[in-house]
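Working notes, beginning with the structure itself.
In our numbering, the protein residues as written are 20 to 229.
Here it is, written out as structure tokens:
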């Protein structure tokens, strides 16, 4: 008789434990579902609340501005930087910034932008030492900079020239697009300076080895 009572009591205890565990798990699932729902709502709202204008200022109206076309955005940036510019036949813009001449290549169908720093080194193809020093300087600095220097061997004009370029994404909804654009111009200035310094170093080392 005592055994039967113990079995019944044990069964009741197990049943109660099962019910308690079930209720705890049910509450936990409900809490997780609420968290997921809140997260989904926040994700849906992300990008629809708040935005920046092309000056990098928060617009305060809880709406993201529609994207400007690349050409329109670039020209607005150049105007704010007080840069003189001229539009080319294709998707090109030529402009001057801090006394340096640049060219912009873009497409209104893409956010990709390329800036060229026009030819800033030249020598004749007969000057093999100068070419060697510059090639070494360009290769060295390209591995250490965001922008890229390129050298061109023109057999028709019989000259060796160097220019530089950088490629990046730009969109009117980027925060502070003007500053972002300037940062890439600064990368081109830095590359040009680094190449010039490395060129002088290669030249000195070359003279020592003679």
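From the three backbone atoms N, C-alpha and C, an ideal C-beta is built for every residue, glycine too.
Just the Cα atoms here: how many angstroms apart are residue 94 and residue 186?
-> Within the chain shown, the letter at position 75 stands for residue 94. Within the chain shown, the letter at position 167 stands for residue 186. Spanning the two alpha carbons is a distance of roughly 17 Å.
In or out: residue 160 buried (at least 16 other Cβ within 10 Å) or exposed?
-> Walking along the chain shown from the start, residue 160 turns up at place 141. Burial call: buried.
Find the nearest neighbour of residue 181 within the set 202, 218, 189, 105, judged by alpha-carbon distance.
-> The residue labelled residue 181 in the question sits at position 162 within the chain shown. Comparing C-alpha distances from residue 181 to each of 202, 218, 189, 105 shows the shortest one belongs to 218.
Hey, residue 136 and residue 211: beta-carbon distance below 8 Å or not?
-> Taking the first residue of the chain shown as 1, we reach residue 136 at position 117. Taking the first residue of the chain shown as 1, we reach residue 211 at position 192. Yes; because the gap between Cβ atoms is below 8 Å, this pair is in contact.
Whole angstroms is fine: what's the gap from residue 175's alpha carbon to residue 144's?
-> Position 156 of the chain shown holds residue 175. Position 125 of the chain shown holds residue 144. Rounded to the nearest angstrom, the two C-alpha atoms are 10 Å apart.
Is DSSP giving residue 133 helix, strand or coil here?
-> Residue 133 sits at position 114 when you count from the first residue of the chain shown. Residue state, collapsed to three classes: strand.
Using the rule of at least 16 other Cβ atoms within 10 Å of the residue's Cβ for burial, across every protein chain shown, is residue 216 buried or exposed?
-> Here residue 216 is taken as the residue at index 197 of the chain shown, counted from 1. Residue 216 should be labelled exposed.
Inter-residue CB distance, residue 228 and residue 152 (contact presumed, cutoff 8 Å) | Here residue 228 corresponds to residue number 209 of the chain shown, with the count starting at 1. Here residue 152 corresponds to residue number 133 of the chain shown, with the count starting at 1. That pair is no contact at about 12 Å.
Per DSSP, which one or two residues make a beta bridge with residue 143?
-> For this step, residue 143 is matched to residue 124 along the chain shown. The partner list for residue 143 (beta bridge, DSSP) reads 178.
Expected contact under 8 Å - CB spacing of residue 188 and residue 116 to nearest Å | Within the chain shown, numbered from 1, the residue matching residue 188 stands at position 169. Within the chain shown, numbered from 1, the residue matching residue 116 stands at position 97. Actually they do not touch by this definition, with Cβ atoms about 20 Å apart.
Residues that DSSP places opposite residue 168 in a beta bridge = As a position in the chain shown, residue 168 is number 149, starting the count at 1. For residue 168, the pairing in a beta bridge is given by DSSP as 183.
Residue 163 - partner residues in DSSP beta bridges | As a working mapping, residue 163 is identified with position 144 in the chain shown. In DSSP, residue 163 forms no bridge with anything.
Starting from the Cα of residue 131, find the closest Cα among 90, 156, 119, 165 and give me that residue.
-> Position 112 of the chain shown holds residue 131. Looking at the Cα atoms, 90 is the closest of the given residues.
Going by alpha carbons, who is nearest to residue 134 out of 146, 120, 127, 141?
-> The residue labelled residue 134 in the question sits at position 115 within the chain shown. The residue with the shortest Cα to Cα distance from residue 134 is 120.
Are the beta-carbon atoms belonging to residue 104 and residue 112 less than 8 Å from one another?
-> Residue 104 sits at position 85 when you count from the first residue of the chain shown. Residue 112 sits at position 93 when you count from the first residue of the chain shown. Contact: yes.
Just tell me which of 164, 173, 106 has its CA closest to the CA of residue 208.
-> As a working note, residue 208 is residue 189 in the chain shown. The shortest C-alpha separation from residue 208 is found at 164.
Count the other CB atoms within 10 Å of the CB of residue 196; is the residue buried (16 or more) or exposed (fewer)?
-> Stepping through the chain shown from its first residue, residue 196 is reached at position 177. Buried: at least 16 other Cβ atoms inside 10 Å.
Going along the chain, which residues of its own chain have a beta-carbon closer than 7 Å to the beta-carbon of residue 168, five neighbours each way excluded?
-> Along the chain shown, read from residue 1 onward, the residue named residue 168 stands at position 149. So the qualifying residues of the chain are 157, 160, 161, 181, 183, 210, 214.
Would you give the residue range spanned by the beta strand (DSSP E) that residue 114 belongs to?
-> Within the chain shown, the letter at position 95 stands for residue 114. Residue 114 -> beta strand (DSSP E) spans 111 to 116.
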